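Number of protein chains: 2
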Amino acid sequence: MKRWTMASLAGLLLGASAGAAADEGMWTLDHLPVQQLQQRYGFTPSPQWIDLVQHAALRLAEGCSGSFVSADGLVMTNHHCANTCLSQLSRGGQNYMADGYLARKQEDEPKCPDVELNQLDSITDVTARVNAATAGRSGAERIKAERAVSSQLEQSCVGGDARTWRCDVVTLYHGGRYALYKYRRYQDVRLVFAPEQSIAFFGGDPDNFNFPRYDLDVTFFRAYQDGKPARTPQFLKFNTQGPKAGDLTFVVGNPGSTQRETPWTQLAAMRDGSLIPTYGYLSDLRGVLWQYSRAGAQQAKEAQDLLFGIDNSLKVYKGWLQTLADEDFIRRKQKDDAALRDWIAADPARRAKYGDPWAELEQAQRRGKELRDRYTMIAGGRGFGVGTQLFADALTLVRGADQRAKPDAERLPTFREANLPAVEQSLEANVPVYPAFERTMMAWSMEKMRQILGADDPFVRETLGRQSPDQLAQQLVAGTRLADPAVRKRLWDGGAKAIAASDDPMIALARRIEPVATRIRKQYEDEVEAPTKKAGEAIAQARFARDGASSYPDATFTPRLSYGKVAGWKEKGEDVPPFTDFAGLYRRATGADPFKLPESWLAAKDALDPSTPMNFVTDNDIIGGNSGSPVIDREGRAVGLIFDGNIHSLGGNFVFDGSVNRAVAVDTAALVEAVRKVYKLPRLADELASGHL
Amino acid sequence: MKRWTMASLAGLLLGASAGAAADEGMWTLDHLPVQQLQQRYGFTPSPQWIDLVQHAALRLAEGCSGSFVSADGLVMTNHHCANTCLSQLSRGGQNYMADGYLARKQEDEPKCPDVELNQLDSITDVTARVNAATAGRSGAERIKAERAVSSQLEQSCVGGDARTWRCDVVTLYHGGRYALYKYRRYQDVRLVFAPEQSIAFFGGDPDNFNFPRYDLDVTFFRAYQDGKPARTPQFLKFNTQGPKAGDLTFVVGNPGSTQRETPWTQLAAMRDGSLIPTYGYLSDLRGVLWQYSRAGAQQAKEAQDLLFGIDNSLKVYKGWLQTLADEDFIRRKQKDDAALRDWIAADPARRAKYGDPWAELEQAQRRGKELRDRYTMIAGGRGFGVGTQLFADALTLVRGADQRAKPDAERLPTFREANLPAVEQSLEANVPVYPAFERTMMAWSMEKMRQILGADDPFVRETLGRQSPDQLAQQLVAGTRLADPAVRKRLWDGGAKAIAASDDPMIALARRIEPVATRIRKQYEDEVEAPTKKAGEAIAQARFARDGASSYPDATFTPRLSYGKVAGWKEKGEDVPPFTDFAGLYRRATGADPFKLPESWLAAKDALDPSTPMNFVTDNDIIGGNSGSPVIDREGRAVGLIFDGNIHSLGGNFVFDGSVNRAVAVDTAALVEAVRKVYKLPRLADELASGHL
């Protein structure tokens with residue numbers, strides 16, 4: 003509910019698995035491809051190995067992955083996964099995102115205001131329970147029934163201790179399976195080490211999704227419990243040599259979402275109705291942020307986190323649009339869909355059982371097209387709050403008060419009891435608010451809303467009144483007191499009564515929006531999402547019936563394991579080698595942003611072994627959300643840190659092409675070398691080497 | 003060659019006619035639909051009527067239309083067609099685009115630095131000449147032959163007097179016909195009257211392409227000859243009453259381009275390879291300009307012209323993308339293409355004559371996809387000069403010197419002798435240059451180039467060197483002397499020698515770019531444009547052979563006549579009436595931008611008759627480039643001024659739907675009333691009423 007992150011962006015799209023080839027697959031930890039692994043790599047994971055990687059792997063609730071790399075709670079993730087924490091901790095003239103942060107001793111490890119780690123404890127198949135609850139229902143009834151059974155399952159899983167446990171009912175195979183995921187929750191997460199942005203993201207946007215690459219995209223956090231470093235006996239020991247070409251590699255992490263089983267009709271609707279408009283929308287926002295940043299260092303700091311996210315999303319969108327314009331891909335999808343449809347149609351019993359889910363999908367897509375703009379702008383909050391803190395908090399407060407007044411089973415998932423600790427952590431976080439930035443984002447968002455919905459839309463008329471977006475934004479940001487975390491806490495604790503009594507203009511705006519947003523959201527859920535999901539389930543079940551459930555489900559931002567090997571690829575006939583090294587980094591540096599090395603690296607040049615491997619590529623099957631995942635060897639040791647995919651990996655959202663799709667990682671050898679020789683942090687280097695503080 | 007206007011934008015896209023229905027059609031003046039007009043409206047235009055509208059109608063070379071509305075050279079066009087002139091004339095604290103300009107007497111009429119008017123003198127069919135020259139040739143040979151014959155035809159048409167005459171060989175029906183258009187050229191064009199932007203574009207972007215509408219989107223210019231108002235006996239007399247609902251209306255103007263006969267394969271390639279990327283590109287630029295403008299009144303003034311154009315283009319693109327995602331439209335196009343392809347395939351003689359142009363098109367599209375980014379960024383100048391004056395001038399000077407050294411027949415069309423007066427007018431225009439704006443646009447353009455071509459593209463590496471785009475832009479803008487028109491003139495007059503000797507950094511940059519750009523352009527022309535054109539010709543000729551040449555050609559920014567009637571339409575089941583009035587304008591005003599009325603209109607409210615018709619809609623078939631066209635009645639009188647289409651008109655680029663596609667015009671009654679009572683200009687009001695100064 004805070005800033006509009008990549009995760010919430012992905013949420014605006016719709017989301018499906020086929021016979022896996024090459025090193026394809028994002029496998030759930032309870033159904034690993036044991037046979038393939040043995041056949042292809044002569045490796046069978048032991049129960050201990052599986053237990054280790056499961057408990058060492060972490061999910062960052064805001065949209066990334068990580069891992070424990072010491073027995074004392076040390077967490078490895080990406081620099082770009084810590085952007086929000088680094089920005090939020092930067093007060094006054096500090097800019098930890100740009101300049102890095104080094105904790106030389108434990109007392110120097112500051113708490114991130116708003117980071118939550120999840121460690122997978124167990125997976126339980128609850129398909130029968132969910133299916134029993136939703137059988138024979140459709141539309142609003144179905145949504146209500148599914149929410150009720152999910153709430154029951156989650157509550158009983160949490161067992162009254164939501165500060166320790168987090169439980170989510172996860173829809174797999176587009177409704178072919180349901181599983182209850184139970185995680186241990188860590189909310190006291192502190193910052194240990196972050197390098198400068200200029201080395202973490204060396205090459206910047208030009209090199210993003212490209213390779214060769216030279217990035218030290220790492221941050222180390224530490225999980226605390228009861229004010230002390232958490233005891234985490236199951237962690238990945240560092241293999242300080244990194245991997246070799248051809249080595250078997252595993253990635254355990256949380257791929258966000260894929261659409262590999264989604265029917266073409268739905269992909270086409272997504273492209274035209276959502277992807278293209280959002281591409282334009284984000285491009286516009288990027289231009290605003292680019293120019294905003296040029297006004298000075300302070301402005302650059304205010305905009306950096308959001309600008310980074312948007313630049314990244316735009317590259318992803320561009321890659322998606324290319325795949326969705328690929329004629330071979332389209333023909334293959336259409337053929338696959340037609341074959342399954344024919345298979346159903348060929349048999350009366352199947353027709354009776356599955357119906358014609360494609361026709362239902364088409365109908366739902368048409369309705370989605372009619373409703374989408376208002377749904378996105380009003381219910382999705384894009385019309386007011388893109389990139390803003392104050393409006394997002396106001397909406398969370400108003401919506402939270404309203405939702406908490408309902409029985410748990412009827413609430414939106416975000417506001418179920420089991421999830422309230424995450425909401426509260428975010429609301430109460432003492433983070434800086436930049437009025438000029440807030441004003442700019444609100445003015446821009448409202449102007450876009452008026453442009454997209456039209457000046458004559460009744461909601462637009464009522465909300466803007468006789469003011470311009472700029473005037474209204476000015477008045478709201480100047481008038482609100484929500485920048486103060488104590489004010490937010492009072493309003494949250496006061497519930498519906500405090501919200502109703504508030505004269506804060508931002509709260510007043512959110513109060514005006516919320517009933518309209520609720521109506522629109524309900525209509526979209528009932529008329530678009532519910533029938534889409536029902537049709538998706540029928541298609542998934544038909545596919546199971548025809549092919550057997552031998553494959554992996556589409557990604558759902560839950561822990562998955564992928565296997566593969568360290569390997570380059572051929573680009574336009576040329577071999578791309580799988581490793582880069584420090585020597586290449588210094589060659590690529592120009593002195594000008596984004597190819598400008600920080601002082602620390604210029605100073606350390608002579609002390610470093612130029613042949614140290616820096617980044618490498620593997621053919622593991624990953625996607626956005628896997629950022630920060632460890633690369634693991636046969637022995638269960640960390641050999642790398644995933645931070646990106648190559649340009650061909652973007653199409654992986656729709657189809658995995660093992661010949662060119664590559665994951666990009668930082669080599670553990672580079673990490674150890676940098677920590678010791680560039681940043682001169684023997685305490686951290688020793689912890690990485692020994693696995694203990 | 004100056005700013006990147008909508009015209010040059012349209013030039014990046016590719017460009018085709020079917021049996022015309024309803025009031026469809028953009029007819030050339032030498033082939034009017036006389037039979038349909040008689041049948042549907044009982045009207046047959048007399049030779050005098052045709053001669054009048056042909057000579058009263060004008061083309062504004064930069065991308066608009068206009069008309070003579072008095073015998074003393076008074077020209078009516080849109081306010082938005084005068085944006086560039088209004089911006090260029092605004093020195094110091096003046097902002098004529100925002101605040102308007104009123105010439106109370108003839109001495110107050112300032113010369114627009116860079117406006118050229120073209121008055122159609124004659125049309126000559128030169129199909130046989132061109133076909134004879136290109137017969138049996140393809141690729142580079144074909145382009146060369148076509149350029150040579152065009153140059154010969156144009157030169158002999160101009161007859162050595164390029165200051166008076168302008169001649170263009172125009173490709174009609176995608177190569178089915180060629181015609182030589184001869185125009186009288188007016189380069190001394192002065193500003194008479196422009197209202198405030200806030201009434202010219204009342205409702206701003208939110209109301210753009212919408213209706214009801216309340217805009218006074220007008221500018222009056224005056225053509226001069228020999229320092230005196232030009233004598234223009236063929237002009238449109240004002241019908242000061244405006245039209246009535248159902249009245250027969252004609253629009254004569256210059257529709258820019260349409261793609262109604264373009265095969266689907268080409269449209270799909272355009273959508274995916276050009277439209278979507280450009281949509282994102284322009285959106286990004288819009289964001290930059292939006293934020294740039296918010297820094298203050300001076301910055302808003304610097305950015306306003308470009309921002310207006312981009313906002314407009316983005317709405318057009320959005321409409322196009324919607325049509326190109328419409329399944330019914332796609333199916334119909336595919337069916338049409340398949341039918342013609344089958345018709346050819348059914349007969350060996352036809353196969354021999356036409357070949358398989360669709361296969362050739364597909365091949366050319368594939369090649370286009372590979373070459374497009376470099377073509378657009380480097381040859382098209384997007385990588386450096388979007389929105390800049392200084393870089394555009396540098397490139398014109400360098401390219402012009404190079405091109406003028408060649409024989410006329412081998413030059414790019416822009417630099418043929420017959421066109422040099424327009425280039426020189428533009429280069430020598432004494433217009434303001436805003437360094438901060440230039441820097442911003444250059445930095446942004448180069449950053450986008452690096453993003454799109456990649457940091458490892460050899461051209462990008464060589465051009466940027468070790469500098470960031472911002473550093474390089476700063477250095478170029480600070481170091482160049484091209485802001486001085488005298489410097490530009492010396493370099494132009496000095497030709498290749500002066501260019502080679504120049505140490506101006508902007509010239510040096512253009513010198514480095516030009517050979518690369520030339521190579522890329524030639525490759526794109528030879529491998530993409532030439533085969534596309536050849537295939538388009540074959541398709542057009544096959545269609546002629548099957549259907550007869552009974553229809554109108556796709557738009558080519560040449561004078562066309564469309565006929566229709568004043569009529570509203572049904573929107574979501576509701577009637578939209580065809581007229582708005584002054585009363586509605588005052589009701590819609592809120593006091594906040596873009597619904598804020600200027601002081602002049604607030605002050606005049608009581609003096610105005612609230613029932614005066616302000617804007618109206620007709621079902622004339624128009625498109626971008628028709629802006630500023632007169633609406634003409636049966637008697638050959640002006641009854642309105644086209645300034646927009648409704649939202650359904652955007653799809654008109656691909657298909658005309660007479661049930662909802664509407665042109666939007668200012669009523670002549672409103673124009674006369676405003677000039678007399680709001681702006682209190684009796685001299686101009688009398689001239690409009692009498693047709694004489």
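Just so you know, the protein sequences line up as chains Y and H, in that order.
Start counting the first sequence at 3; every next residue gets the next number (our numbering).
Start counting the second sequence at 3; every next residue gets the next number (our numbering).
For every residue, glycine included, the Cβ atom is placed at its ideal position computed from N, Cα and C.
Bear in mind the structure is a predicted one, so any value in this text is a computation, not a measurement.
Interface partners of residue i on chain H, CB under 7 angstroms
i, result
"Y/T592", "R468"
"Y/A327", "D274"
Outcome for residue i when other beta-carbon atoms lying within 10 angstroms are tallied against a minimum of 16
i, result
"H/S631", "buried"
"Y/K450", "buried"
"H/Q37", "exposed"
"Y/D621", "buried"
"H/E198", "buried"
"H/M444", "buried"
"Y/H694", "exposed"
"H/G575", "exposed"
9 angstroms Cβ cut-off: residues of chain H touching residue i
i, result
"Y/S285", "Y281, G282, Y283, L284, S285, D286, L287, R288, G289"
Closest Cα partner of residue i within the set the options
i, options, result
"Y/W1", "Y/V254, Y/G65, Y/G68, Y/I649", "Outside the displayed span of chain Y (3 to 695) sits residue 1 of chain Y, for which this structure offers no information."
"Y/L683", "Y/D404, Y/N210, Y/D274, Y/F195", "Y/F195"
"Y/D123", "Y/K146, Y/Q427, Y/A58", "Y/A58"
"Y/L455", "Y/L397, Y/G387, Y/Q365, Y/Y377", "Y/Y377"
"H/K371", "H/P359, H/R452, H/Q427, H/S276", "H/S276"
"Y/I346", "Y/Q293, Y/Q543, Y/R483, Y/Q525", "Y/Q543"
"H/Q367", "H/Q473, H/R521, H/A271, H/T166", "H/A271"
"H/A438", "H/E430, H/G311, H/V290, H/E531", "H/V290"
"Y/W2", "Y/I278, Y/D249, Y/R678, Y/L511", "Lying before the first or after the last residue shown, residue 2 of chain Y is absent from chain Y, which here runs from 3 to 695."
"Y/L392", "Y/Y103, Y/T79, Y/T442", "Y/T442"
"Y/D219", "Y/A225, Y/G161, Y/G206", "Y/G206"
"H/R296", "Y/G653, Y/V568, Y/D472, Y/G538", "Y/D472"
"Y/A672", "Y/S613, Y/G654, Y/L652", "Y/S613"
"H/Y283", "Y/D404, Y/D328, Y/K320, Y/P231", "Y/K320"
"H/G638", "H/L238, H/L174, H/R165, H/Q243", "H/L238"
Within chain H, partners of residue i - CB distance below 8 angstroms
i, result
"Y/Q473", "A594"
"Y/L323", "D274, I278"
"Y/P208", "R452, Q453, G456, A457"
CB contact check: residue i to chain C, cutoff 8 angstroms
i, result
"Y/P35", "No chain C appears in this structure, whose protein chains are Y and H."
CB contact below 8 angstroms: residue i versus chain H
i, result
"Y/W494", "no"
"Y/G570", "no"
"Y/G370", "no"
"Y/R685", "no"
is_contact[residue i, chain Y] using C-beta, thresh 8 angstroms
i, result
"H/Q293", "yes"
"H/G205", "yes"
At a Cβ cut of 9 angstroms, what residues of the region 446-469 of chain Y count as close to chain H, listed as they run along the chain?
Using a CB distance below 9 angstroms, the part of the region 446-469 of chain Y facing chain H consists of W446, E449, R452, Q453, G456, A457, D458, V462, L466, G467, R468, Q469, ordered along the chain.
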